[in-house]
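K.L.:
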Amino acid sequence: KQEVTQIPAALSVPEGENLVLNCSFTDSAIYNLQWFRQDPGKGLTSLLLIQSSQREQTSGRLNASLDKSSGRSTLYIAASQPGDSATYLCAVRIVNTGFQKLVFGTGTRLLVSP
Amino acid sequence: GAVVSQHPSWVICKSGTSVKIECRSLDFQATTMFWYRQFPKQSLMLMATSNEGSKATYEQGVEKDKFLINHASLTLSTLTVTSAHPEDSSFYICSAPGTPTYEQYFGPGTRLTVT
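Just so you know, the protein sequences line up as chains A and B, in that order. Residue numbering for the first sequence follows our numbering, starting at 1 and increasing by one per position. Residue numbering for the second sequence follows our numbering, starting at 115 and increasing by one per position.
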């Protein structure tokens, strides 16, 4: 059974810092990995999608890497801003009994203070 | 990017009543949609996979008779919480995969409160 873990569970940093969020998964047989952000009481916003054949993806101040063999992904946020405060979720796409599924991690709650 | 909408965004109902939540893909077709539930400060848990024109597939531990799913068209899936109880109060979110990358697009969620 695929399990996805995120470390740290919570992170508080001053504005301007570069930071790394970690995601690990137990089964390397994934199709892709997606990073999301969720603001309190809101739905999910997709940040980056990495296919299993890719090593990294970049969007603005965000960079996500994927090491499928070791079951790890990292999300790097450069020059953090208070507006980055949110919960960040990683999710892996698997196929189980013929149906595709997203398995979510436990999330990292980020607070960036001005 | 693709847009998924949900209606209503929040609903309050009395214990014992039924509530229907709609999930629509606005600018793309989705033969498959997913329904998740999220309790406060917890991650998303997949409840069921909605398949257009066929029965939904439920995750272990999810009561199919309580959470009725209908995927009648390529752009609409509905989740009906039957005989709702306070423990069903939660945040319900749907998603649909886009093609060809299967990137998941999520709706804004529906906050259900059962009194």
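For glycine and all other residues, C-beta sits at the position ideal for the given N, C-alpha and C. Bear in mind that the values here come from a model prediction, so they are computed numbers and not experimental data.
(1) By the criterion of Cβ-Cβ separation under 7 Å, what are the contact partners of glutamate 217 of chain B in chain E?
(2) With distance defined between alpha-carbon atoms, name the residue in B/Lys134, B/Ser129, B/Arg138 and B/Thr131 nearest to proline 222 of chain B.
(3) Judging by CA-CA distance, which residue of B/Asp141, B/Ala170 and B/Arg225 is the nearest neighbour of histidine 202 of chain B?
(4) Starting from serine 123 of chain B and walking both ways along the beta strand (DSSP E), at which residues does that stretch end?
(5) Verify the CB distance criterion: does glycine 223 of chain B have a CB-CB separation below 8 Å to chain A?
(6) Could you tell me whether the Cβ of glutamine 100 of chain A comes closer than 8 Å to any Cβ of chain B?
(7) Check the Cβ of phenylalanine 220 of chain B against every Cβ in chain A and list those closer than 7 Å, keeping chain order.
(8) Kindly examine the ligand GTP and report whether one of its heavy atoms sits closer than 7 Å to the Cβ of alanine 79 of chain A.
(9) On the three-pair Cβ rule with 8 Å, is the region 19 to 28 of chain A touching the region 66 to 80 of chain A?
(10) Chain A partners of leucine 226 of chain B, CB-CB under 7 Å?
(11) At least one CB of chain A closer than 8 Å to the CB of serine 157 of chain B: is that the case?
(12) Could you spell out where the beta strand (DSSP E) holding lysine 134 of chain B opens and where it closes?
P.N.:
Based on what the coordinates show:
(1) Among the protein chains in the structure shown, which are A and B, there is no chain E.
(2) If you compare the alpha carbons of B/Lys134, B/Ser129, B/Arg138 and B/Thr131 with that of proline 222 of chain B, the shortest gap goes to B/Arg138.
(3) Sequence check: residue 202 of chain B is aspartate here, not histidine. Its Cα nearest to that of aspartate 202 of chain B, the residue B/Arg225 stands out among B/Asp141, B/Ala170 and B/Arg225.
(4) Premise fails: serine 123 of chain B is in no beta strand (DSSP E) and is neither H nor E.
(5) Taking CB atoms only, glycine 223 of chain B has a neighbour in chain A less than 8 Å away.
(6) Cβ-Cβ to chain B under 8 Å: yes for glutamine 100 of chain A.
(7) By Cβ distance, chain A contributes Gly43 and Leu44.
(8) Among the ligands in the structure shown, none appear at all, so the ligand GTP cannot be discussed.
(9) Inter-segment contact for the region 19 to 28 of chain A and the region 66 to 80 of chain A is present: three or more beta-carbon pairs are separated by less than 8 Å.
(10) Neighbourhood of leucine 226 of chain B in chain A, by CB distance below 7 Å: empty, with the nearest CB roughly 13 Å away.
(11) Residue contact check for serine 157 of chain B against chain A: a CB pair falls below 8 Å.
(12) It spans 133 to 139 - the beta strand (DSSP E) in which lysine 134 of chain B sits, taken as one unbroken run.
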